[in-house]
Structures are given as C-alpha cells and as structure tokens.
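**Student:** Numbering (our numbering), first residue to last: 3 to 71.
Structure below; questions to follow.
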Amino acid sequence: IKKEVLRDVLYVPSKCIYEAENKYFVFVIDENGFREGVEVTPGAVVGEGPDEVTVITSGLVGGEQVMIR
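Okay, structure coming up:
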C-alpha cells in the first residue's frame with residue numbers, strides 16, 4: 003500500500019498524546035520548566051511500536067518542548 007509522502011509536518015511520539023472527554027492533549031514545557039496541557043488535533047500515525055509518531059494538525063507550533071511519559 004502506497005501512502006502520500008508527508009512534508010513540513012509537526013509530529014510527536016504517540017505515547018505523548020492523552021485523551022479526555024473526546025479531546026486530545028499533550029503537555030508542553032514552559033520557559034519556567036512547568037508543564038501545561040495543550041489541546042491538539044492528531045492526524046496520521048506513522049510507524050509502529052516504540053517508534054510510532056502522530057502528526058499534529060493543530061494546537062502546537064514548531065520548537066515547543068513536549069513532555070514524554
């Protein structure tokens with residue numbers, strides 16, 4: 003099965019995404035080292051197992067630090 007090549011995307015390890023009440027969140031680290039929950043819209047999932055990542059279509063900007071479980 004061929005899939006479209008993804009370009010210029012932002013993605014995070016899938017294990018970083020939390021679900022609550024049909025919404026999806028990641029925790030980002032602010033400039034003071036505190037975590038803050040940010041709602042995101044997940045997209046395509048790439049890979050599998052420990053290398054699996056999820057494309058984030060909205061909610062984050064490049065360069066933000068995401069907390070990994």
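No residue lacks a Cβ here, since even glycine has one placed at the ideal position from N, Cα and C.
Measure the CB-CB distance between LEU8 and VAL57 and report whether it falls below 8 Å.
**Tutor:** yes
**Student:** DSSP beta-bridge partners for GLU21?
**Tutor:** TYR26
**Student:** Considering Cα atoms alone, identify which of THR43, GLY51, GLU21, PHE29 is closest to GLN67.
**Tutor:** Of the listed residues, the one whose Cα sits closest to GLN67 is PHE29.
**Student:** Could you give the residue range of the beta strand (DSSP E) that holds LEU8?
**Tutor:** Counting along the chain, LEU8 falls outside any beta strand (DSSP E), and DSSP gives it neither H nor E.
**Student:** Along the chain, where does the beta strand (DSSP E) that runs through GLU38 open and close?
**Tutor:** Unbroken beta strand (DSSP E) run through GLU38: 37-48.
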